[in-house]
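Numbering follows the numbering used here, with no gaps: position 177 of the sequence shown is 177.
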Amino acid sequence: MKQIKNIVFDFGGVIIGIDRNQAVKAFERIGVKDADSLLDKYHQQGIFQEVENGNMDAETFRCELSNMSGKMLTYEEVEQGWKGFITEVPQYKLDYLNELRKQYKVFILSNTNPYIMGWARSDKFTPAGKPLDAYVDKIYTSFEAGSTKPDFGIFDYMIKDSGINPVETIFVDDGAANIAAGKEFGFVTMQPENEEDWRQKLEKLL
């Protein structure tokens with residue numbers, strides 16, 4: 001195995017804890033009756049997928065969701081729906097990312113949307129008052145790449161932009177299909193469980 005120089009982390013389920021059922025309830029509370037069929041832990045459906053793969057911007061999504069719920073929703077209400085996914089933001093994992101950055105390049109590769117990232121990249125993200133950007137070298141999102149994992153497009157986008165070599169890179173994701181795609185590119189892969197403390201597993205790979 002080549003020497004590891006980079007580590008790419010999924011965001012939801014790996015860095016922060018997520019709960020799909022909690023998100024469904026949060027969207028149902030704001031009037032989205034079809035939330036259960038539209039929301040998935042790894043891959044969304046309908047307009048939820050459109051906003052994640054960059055085919056729909058945040059404002060259009062808010063308008064479409066308002067139509068679905070039969071009432072005008074504010075940006076904050078829609079953000080609250082998306083934030084329903086989040087169960088925890090463990091500071092110990094974020095601090096560990098900064099420790100890793102002393103020796104490796106650290107990236108995020110996430111299927112996500114402007115609402116979640118708007119929050120994650122603000123000072124409201126952690127009790128420490130720091131955005132996600134303070135803990136990684138660069139963030140790659142599906143809505144900016146125009147492609148969602150496990151599609152190869154998002155991996156190509158990150159590899160070209162960052163200049164990383166997959167065989168020198170560990171890819172950490174909790175989705176089996178995403179891990180399978182990562183292996184196709186030659187990444188060293190690790191698949192933790194949602195909310196797992198994966199630090200020791202990663203140390204063994206390093």
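For glycine and all other residues, C-beta sits at the position ideal for the given N, C-alpha and C.
| Whole alpha helix (DSSP H) runs in the stretch 121-201 with 4 or more residues, listed along the chain? | Here the runs fully enclosed are 142-145, 152-162 and 176-185.
key: CA-to-CA distance, residue 30 to residue 81, given in whole angstroms   = Answer to the nearest angstrom: the Cα atoms are 7 Å apart.
TODO: Output the residue ranges of the alpha helix (DSSP H) runs that lie fully inside the stretch 2-58 and measure 4 residues or longer, sorted by chain position.
DONE: 20-29, 35-38 and 46-52, all fully within the stretch 2-58.
- Query: Should the stretch 157-173 be regarded as contacting the stretch 124-131, the criterion being three or more beta carbon pairs within less than 8 Å?
  - Reply: No, they do not touch.
> With contact counted as at least three CB pairs below 8 Å, one residue from each stretch, are the stretch 103-118 and the stretch 140-153 in contact?
Replying inline: Enough Cβ pairs lie closer than 8 Å, so yes.
Spatial neighbours of residue 189 within its chain, please: C-beta separation below 7 Å, excluding the five flanking residues on both sides.
Around residue 189: 171, 179, 182 and 183.
Query raised in the report: Which residues bound the beta strand (DSSP E) around residue 109?
Result: Segment 105-110, the beta strand (DSSP E) holding residue 109.
Q: Pick helix, strand or coil for residue 60, following the three-state DSSP scheme.
A: DSSP places residue 60 within a helical segment (H, G or I) once states are collapsed to three.
Would you list the one or two residues that DSSP bridges to residue 88?
-> Among the bridge pairs identified by DSSP, residue 88 is matched with 17.
N- and C-terminal bounds of the alpha helix (DSSP H) containing residue 102: Element bounds for residue 102: n/a, residue is neither H nor E.
Review point. For residue 150, which residues of its own chain have a beta-carbon under 6 Å away from its beta-carbon, when the five flanking residues on both sides are left out?
Key: Spatial neighbours of residue 150 in its own chain (CB-CB distance under 6 Å, excluding positions within 5 residues in sequence) are listed in chain order as 177, 178 and 181.
| query | When the distance is taken between beta carbons, is residue 13 closer than 8 Å to residue 88? | reply | Result no, Cβ atoms of residue 88 and residue 13 do not sit closer than 8 Å.
- Task: Have a look at residue 45 and residue 36 and give me their C-alpha separation to the nearest angstrom.
- Result: Cα to Cα, the separation comes out at about 10 Å.
### Query
So, helix, strand or coil for residue 70, using DSSP?
Reduced to three states, the DSSP call for residue 70 is coil.
Handout entry: Residue from 24, 32, 156 and 153 whose Cα sits closest to the Cα of residue 69
Key = Of the candidates 24, 32, 156 and 153, the one whose C-alpha sits nearest the C-alpha of residue 69 is 32.
Worksheet item: Which value, in whole angstroms, describes the spacing of the CA atoms of residue 59 and residue 75?
Response: Going from the Cα of residue 59 to the Cα of residue 75 covers about 8 Å.
Three-state secondary structure (DSSP) at residue 97? It is helical.
Quick check: residue 113 and residue 167, are their CB atoms within less than 8 Å of each other? No. Outside cutoff.
Roughly how many angstroms separate the alpha carbons of residue 147 and residue 159, rounded to a whole number? Taking the straight line from one Cα to the other gives about 14 Å.
Requested in this report: Between the Cα of residue 200 and those of 105, 100 and 56, spot the shortest distance and give me the residue it belongs to.
Outcome: Ranked by Cα distance from residue 200, the first of 105, 100 and 56 is 100.
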